[in-house]
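Data first, discussion second: the structure below is written as structure tokens.
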Amino acid sequence: MSYDKFTTLTSPAVPLPIENIDTDQIIPARFLKAVERKGFGDNLFRDWRYDKSNQPIADFPLNQSKYSGKILVGGKNFGSGSSREHATWAVYDYGFRVVVSSFFADIFQGNALNSGILPVVVSPEFLEKIFATIEVDNNSQFEVDLQNQKFTIKATGESADFTINPYKKHCLANGLDDIDYLVDMKEEIAAFEASPHPSFRGA
Amino acid sequence: MEAKTLFDKIWDSHVVKEVEGGPSVLYIDLHLIHEVTSPVAFLGLDKRGLKVLRPEKTVATPDHNVPTIDQHLSIKDEMSRNQVEMLKKNCANHGIVYHGLGSEGHGVVHIIGPEMGLTKPGMTIVCGDSHTSTHGAFGAIAFGIGTSEVEMVFASQCVMQPKPKKMRISVNGELNKGVTAKDVALYVIAQISTSGGTGHFVEFAGTAIESLSMEGRMTLCNMSIECGARGGMIAPDQTTFEYVKGRQFAPKGADWDTALAYWKTLKSDDGAVFDTEYFYDAANIEPMITFGTNPGMGIGISQYVPNSNKLTGSDKLTYEKSLKYMGYDQGEKMIGKKIDYVFVGSCTNGRIEDFRAFAGFVKGKKKADNVTAWIVPGSRAVEKQIIAEGLVEILNAAGFELRQPGCSACLAMNDDKIPEGKYSVSTSNRNFEGRQGPGARTLLASPLTAAAAAVSGRITDPREFL
Ligand code: SF4
Chain X
0 MSYDKFTTLT SPAVPLPIEN IDTDQIIPAR FLKAVERKGF GDNLFRDWRY
50 DKSNQPIADF PLNQSKYSGK ILVGGKNFGS GSSREHATWA VYDYGFRVVV
100 SSFFADIFQG NALNSGILPV VVSPEFLEKI FATIEVDNNS QFEVDLQNQK
150 FTIKATGESA DFTINPYKKH CLANGLDDID YLVDMKEEIA AFEASPHPSF
200 RGA
Chain P
0 MEAKTLFDKI WDSHVVKEVE GGPSVLYIDL HLIHEVTSPV AFLGLDKRGL
50 KVLRPEKTVA TPDHNVPTID QHLSIKDEMS RNQVEMLKKN CANHGIVYHG
100 LGSEGHGVVH IIGPEMGLTK PGMTIVCGDS HTSTHGAFGA IAFGIGTSEV
150 EMVFASQCVM QPKPKKMRIS VNGELNKGVT AKDVALYVIA QISTSGGTGH
200 FVEFAGTAIE SLSMEGRMTL CNMSIECGAR GGMIAPDQTT FEYVKGRQFA
250 PKGADWDTAL AYWKTLKSDD GAVFDTEYFY DAANIEPMIT FGTNPGMGIG
300 ISQYVPNSNK LTGSDKLTYE KSLKYMGYDQ GEKMIGKKID YVFVGSCTNG
350 RIEDFRAFAG FVKGKKKADN VTAWIVPGSR AVEKQIIAEG LVEILNAAGF
400 ELRQPGCSAC LAMNDDKIPE GKYSVSTSNR NFEGRQGPGA RTLLASPLTA
450 AAAAVSGRIT DPREFL
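As you go down the protein sequences, you meet chains X and P in turn.
At position 70 of the first sequence the residue is numbered 69 (numbering that gives the first Met the number 0), and the sequence of numbers has no breaks.
At position 192 of the second sequence the residue is numbered 191 (numbering that gives the first Met the number 0), and the sequence of numbers has no breaks.
Below you can see the structure in the form of structure tokens.
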């Protein structure tokens, strides 16, 4: 899946201080019927963003003009539930490049990296600081530095280090995906298939 | 020799390469695909001018979008129809076996794999669907992947995955009357929460687990993803071997003997080390039901909706938001609450044993007038067996109709949606807001508890009738 390279990002952030935000909230199943990767951003958080008659729900953060930016900050256990990559496509398509939380569900985290989104895990205390900073000033800037693996609250200068595995970091920084890597491994894979193997591989 | 876990044995034997500073390249034995998470992967493949590397290790079926009545007619919803037709076309282009709607092999992807004998001990199995964990019941490493990874498997028969940590959850003792594998699953998730298993692969062990049938084991492994784990697995034993033997794709003759000898080595060695271990006593588990909006919000059916006193900050807000959505108050008793719908089916509880349990319970009773019930077999084979065993007559006499196979009301993607505000006792796996339809309120439970609710119209302890 192609996506833009990621280096450093400075942006305000949109707060979503809710825990266990599951993939059915990020993108409800009825919007998974597309056969191409486009237009998912319109349906990001669909049922929290719009009421039954498709009118925006005023107090949902994405509908509040005071919040903007390419960073989404969510409560702990973000992205639990389904393996639908449509969830991370929706986040990306809406315009976010970074999601910050104190805890991510595994599959969501993997899908995010494969979709060009950087998931940033910070401590629960630091997460509270981010929420508090946005509350004080909706336009407060945050800096995400992939190279140095640092997330900084510009207003206070406080920063948190985050982890990412070096291979994935390299991919994200260069806009590369795993498929190129795997296709290049063709011979190794063929050799593996030909090797005597303890497993009864689907024979 | 170093003591290894079951997980390590299978994982290690499938690693093609360790990427420096990165994930492992893991070889995949079986790739299951369905219509929702595959089209963009096929598109990506086409753009790169690639073909599916091992079509013979790939099996397809449409399940999420399909209607569960009148399957001989074309699908009404245009986008659903398009997605299903796209799968069929892509399979034809790439030489993949496709079990289409109405065909003998059709069904929910996680039901048909085991049924056909495609799922076997020691395998690595993936699917663009989180409940791929179901197949772990056979002592396989099975997990859900995203669409980018589906494309990886198409292109290379491999995925790139960091090796998860290992967790063992042991449940010992005898399960109480009326307590099923589903209750064990909901109990465990309530104990460790929906994020308790994150970063881990779970092995279920202990005498209570060993006593489960393959159907029950599949239910449990299916739900392992709901505690945040990448998947769940159970060491294969005699129950497993007997289930696999004779199935369409099970090894035959001398191959069977070779396979069996290998499968018998698939268990955690004594002294194998797990990163995390939990122990539970089967005697403490009663029939479970959920009262909130994630699968960790489950309680014993005789219990009261917990209080939020002990919670603070966003935990408390999230909890209260959830109860508000459900229309429940803290401290309320669950038993006696009115319900509107009952859904029996899904990859969690859509196998023959589930319908036997349900039919056995409702036999000679009547569906409550206030209840709409959707009884949906997980596959054509299950449907045929329900008919062959005469369960349909029992269901019909009690006022229930049998629908046709599909994911149905498990997720609001096909016609079977629960209306806003309605309460649905459901044997599926997720009770997230809107999971069964915008505004729908889901109460997860076992087929027995669903049956008790269906005949009484209220949340009812199934043990009262046993
Ligand atoms: S039955 Fe439900 S959980 Fe299972 S594959 Fe279908 S939608 Fe997913």
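Every residue, glycine too, gets a C-beta built ideally from N, C-alpha and C.
Nearest CB-CB separation between P/V243 and chain X: not below the 8 Å threshold.
Per DSSP, the unbroken alpha helix (DSSP H) holding P/A207 starts and ends at T206 to E209.
Measuring C-alpha to C-alpha distances from P/G344 to each of P/E382, P/I168 and P/A189 identifies P/E382 as the nearest. Remark: C-beta atoms of P/E34 and P/L100 do not approach each other more closely than 8 Å. Within the segment 75-107 of chain X, the residues whose Cβ lies closer than 7 Å to any Cβ of chain P are, in chain order, N76, S79, G80, S81, S82, R83, E84, F102, A104, D105 and I106. If you compare the alpha carbons of X/V90, X/K185 and X/Y180 with that of X/I26, the shortest gap goes to X/V90. The three-state secondary structure of X/Y49, taken from DSSP, is strand. Taking X/P16 as the centre and dropping the five residues before and after it, the same chain places the C-beta of G74 and F130 closer than 7 Å to its C-beta, in chain order. Contact fails between the segment 62-79 of chain P and the segment 0-17 of chain P, because fewer than three Cβ pairs, one in each stretch, are under 8 Å apart. Under the 8 Å Cβ criterion, the segment 33-53 of chain P counts as touching the segment 80-90 of chain X, having at least three qualifying pairs. Within the segment 307-356 of chain P, the beta strand (DSSP E) runs of at least 3 residues that lie entirely inside it are, in chain order, 340-343.
Taken through DSSP and simplified to helix, strand or coil, X/A172 comes out as helix.
Only R429, F431, E432, G433, R434 and P437 from the segment 429-460 of chain P bring a Cβ to less than 7 Å from some Cβ of chain X.
Around the CB of X/V135, fewer than 16 other CB atoms lie within 10 Å, so the residue is classed as exposed.
At a beta-carbon threshold of 7 Å, the residues of chain X lying near P/L410 are A28, ordered along the chain. For P/D128, the Cβ falls inside the 7 Å cut-off from some heavy atom of the ligand SF4.
The bridge partners DSSP lists for P/Q160 are P/S23. Contact with chain X is found for P/A154, since one of that chain's Cβ atoms lies less than 8 Å from the residue's Cβ. For X/I17, the chain P residues whose Cβ falls inside 9 Å of its Cβ are S313, L316, T317 and K320, in order along the chain. When beta bridges are read from the DSSP output, P/N171 appears opposite P/D280. For P/K176, the secondary structure class from DSSP, reduced to helix, strand or coil, is coil. If you check each beta-carbon in the segment 14-26 of chain P against every beta-carbon of chain X, the ones closer than 8 Å belong to V15, K16, V18, E19, G20, G21, P22, V24 and Y26. Not a single CB atom of chain X sits nearer than 8 Å to the CB of P/G99. Not one heavy atom of the ligand SF4 is found less than 7 Å from the C-beta of P/S423.
DSSP places P/H130 within a helical segment (H, G or I) once states are collapsed to three.
Contact holds between the segment 330-338 of chain P and the segment 457-464 of chain P, because three or more Cβ pairs, one in each stretch, are under 8 Å apart.
Taking 8 Å as the CB threshold, X/K32 lines the interface with chain P.
Interface criterion met: the Cβ of X/F191 is under 8 Å from a Cβ in chain P. In this structure, the beta-carbon distance from P/L219 to P/V178 does not fall below 8 Å.
Beta-bridge annotation (DSSP): X/D21 is paired with X/S79.
Collapsing the DSSP output to three states places P/R457 in a strand. Chain-ordered, the chain X residues with CB closer than 7 Å to the CB of P/I144 read S82. At least 8 Å separates the beta-carbon of P/I168 from that of P/F142.
Residue environment for P/N348: buried (at least 16 other C-beta atoms within 10 angstroms of its C-beta). Rounded to the nearest whole angstrom, the C-alpha separation of P/C226 and X/T6 is 34 Å.
Against chain P, a Cβ distance below 9 Å from X/Q24 picks out F431, E432 and G433.
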